[in-house]
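For the record, in the sequence shown the residue sitting at position 202 is 288 according to the numbering used here, with numbers rising by one throughout. We put the beta carbon where it would ideally sit given N, CA and C, even for glycine. Note that the coordinates shown come from a computational prediction; the quantities given were computed from them, not determined experimentally. What follows is a short report on a single structure.
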Amino acid sequence: MSSTTSARRRPAMFADGFSLGRLLLQGRAFFALVAIIVVFSVLSPNYFTVSNILTMSSHVAVYAILAIGMLVVILNGGIDLSVGSTLGFSGVIAGALMKGVTIGGSTLYPKVWVVVVVACAVGAFIGFVNGILVARFKVAPFVATLGMLYVVRGIGLLMTNGLTYNDLGGNAALGNTGFDWLGFNRLIGLPIGVIVMIVAAIAASLLLNRTVFGRWLYASGGNERAAELSGVPVKRVKVRVYALSGLCAAIAGLILSSELTSASPTAGNSYELTAIAAVVIGGAALSGGVGNVRGTLLGAFVIGFLSDGLVIIGVSAYWQTVFTGAVIVLAVLLNAVQYKRRPARAGGTTTPTPTAPVDTQPPAAVHEKTAG
């Protein structure tokens, strides 16, 4: 067999020959997760049990769904700092509806499916506003979403007067029971939150890898100017990715509120940083255009399993913050090493090329003749 044929059949990761360092760098999230499981299994016999794994996975589901929304924004070269407050606000909306809406002197109690739809619509609308600010008014993503973080959090505090909606189980006589189903019930042995996470991950993966929108997203994130010249509707893509991020934040907020059977306007505080960390640990490039759902899920599991493991072995909450922060800093450093050869994203520059591709990406220049 010729050397040319061998090179053609060699996996992309080893196209230039096998490299242990590259393998460890490429699979850092997976190896970190394995190391966490091994270490905490040794330190605590209760860590690696089926019941505890399922419990930890239900906690991870909130982070993972939030991170999937953050991933699509980062792939586009943006950032969304409002997801934490959107998560909390969607819970507040759900809590307010569960407690009843007074109209004309009578109080109405919507069905749970109505509560879920309204909360998700509110989250998507918040993301849509972010997208309009970034795409149409050219506001920097950091500034636009930071401002929205405070606006949404403030509205939530005003709605509740700083209080928490408790006991969201509903009342059978009022016909509004079932909200706690998301947080406590199981289907085929898996927590509902985990199932929602799996469905969201599959849907996001199909969206990124099997649709025109996914090709547009990778193209505009890799080189926005080149994508625009190729016919990609860059502004439309930006609006949609922020709307998707808001929708994911709302879903995560519903799951968290259901697990706690309460909704607080301060819920999700600093969760936006956790979502960004999961995406970075998963190998996505903060400059955009490189990343995948698989890596983001691994990043979320690394953070979730590490946090829960520290709790199980009785580590102080202060040290938990230190360890989690150290993992995030290390992930960012490795991210910088992996993509150090990538040139700056700007008009007229060469197309960014990662040191070691995270996944097979769609072509950078796409011209799809479609209504979008």
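What residue from the options has the CA that sits closest to residue i's CA?
i	options	result
valine 178	Arg380, Gly163, Val204	Val204
threonine 250	Gly256, Gly242, Asn257	Gly242
arginine 326	Ala210, Phe134, Ser171, Arg114	Ala210
glutamate 358	Phe391, Leu110, Val120, Gly174	Gly174
valine 148	Lys426, Ala336, Gly163, Asn247	Ala336
valine 401	Gly300, Leu129, Ala422	Leu129
glycine 347	Lys426, Ile414, Gly307, Gly269	For the sequence presented, residue 347 should be read as threonine rather than glycine. The candidate whose alpha carbon is nearest that of threonine 347 is Gly269.
asparagine 295	Arg272, Ser393, Val376	Val376
isoleucine 414	Ser393, Ile399, Ile398	Ser393
valine 220	Lys426, Pro196, Gly163	Gly163
alanine 338	Val282, Phe299, Ile389, Asn378	Val282
tyrosine 195	Ile218, Phe265, Val379	Phe265
serine 373	Pro319, Ile399, Gly308	Gly308
phenylalanine 391	Phe299, Arg108, Phe134	Phe134
glycine 300	Gly170, Phe116, Asn378, Gln406	Asn378
isoleucine 398	Phe228, Ser192, Ile123, Gly155	Ile123
glycine 206	Asn138, Arg272, Gly233, Leu340	The sequence shown places cysteine at residue 206, not glycine. Cysteine 206 has its Cα closest to that of Leu340, out of Asn138, Arg272, Gly233, Leu340.
Kindly indicate the opening and closing residues of the alpha helix (DSSP H) around residue i.
i	result
leucine 249	Unbroken run through leucine 249: none, as it is neither H nor E.
threonine 360	357 to 367
arginine 380	379 to 398
alanine 417	403 to 424
valine 44	Since the first and last residues shown for the chain are 87 and 458, residue 44 lies out of range.
What residue does the beta strand (DSSP E) around residue i start on, and which one ends it?
i	result
valine 187	187 to 189
threonine 193	192 to 194
From residue i to residue j, what does the alpha carbon distance come to, in whole angstroms?
i	j	result
threonine 188	tyrosine 236	27 angstroms
glycine 332	tyrosine 404	30 angstroms
threonine 263	leucine 106	54 angstroms
valine 125	alanine 363	21 angstroms
threonine 305	alanine 287	Reading the sequence as shown, one finds alanine at residue 305 and not threonine. If I take the Cα positions, the gap works out to 21 angstroms.
lysine 321	valine 159	13 angstroms
lysine 224	threonine 352	29 angstroms
cysteine 334	glycine 279	13 angstroms
isoleucine 151	threonine 382	10 angstroms
alanine 417	serine 168	22 angstroms
glycine 256	lysine 185	8 angstroms
asparagine 355	alanine 230	18 angstroms
leucine 303	glutamine 112	22 angstroms
leucine 292	isoleucine 274	24 angstroms
threonine 297	glutamate 314	18 angstroms
alanine 289	aspartate 166	20 angstroms
threonine 91	alanine 226	Any reading at threonine 91 must be qualified, since the residue scores a pLDDT of 42, below 50, and its modelled position is unreliable; the value itself is stated next. Between threonine 91 and alanine 226, the C-alpha separation is close to 47 angstroms.
valine 318	glycine 368	27 angstroms
phenylalanine 117	leucine 384	10 angstroms
arginine 108	arginine 222	40 angstroms
threonine 435	alanine 329	With a pLDDT of 40 at threonine 435, under the threshold of 50, the predicted position of this residue should be treated as unreliable, and no value is reported.
valine 136	threonine 246	39 angstroms
threonine 193	glycine 155	35 angstroms
glutamate 345	glutamate 310	40 angstroms
Whole-angstrom Cβ separation of residue i and residue j, contact assumed at under 8 angstroms?
i	j	result
leucine 420	phenylalanine 409	Actually they do not touch by this definition, with Cβ atoms about 17 angstroms apart.
serine 176	valine 215	In fact, because the Cβ distance is near 14 angstroms, the residues do not count as touching under 8 angstroms.
valine 201	alanine 180	5 angstroms
valine 365	alanine 153	6 angstroms
alanine 370	leucine 140	Rounded, the Cβ-Cβ distance is 27 angstroms, inconsistent with contact.
leucine 254	alanine 349	7 angstroms
serine 127	proline 277	Actually they do not touch by this definition, with Cβ atoms about 21 angstroms apart.
lysine 324	glycine 170	Contact flag wrong, Cβ pair sits at about 21 angstroms.
valine 388	alanine 115	6 angstroms
lysine 197	glycine 261	7 angstroms
valine 146	alanine 386	5 angstroms
Could you confirm whether any beta carbon from chain D is found closer than 9 angstroms to the beta carbon of residue i?
i	result
valine 146	Protein chains in the displayed structure number just one, and chain D is not present.
Sequence ranges, alpha helix (DSSP H) only - wholly within the stretch 116 to 174, length at least 4
136 to 161
Taking only runs of the alpha helix (DSSP H) that begin and end inside the stretch 261 to 344, which ones reach a length of at least 4 residues, in chain order?
267 to 270, 278 to 296, 298 to 308, 310 to 315
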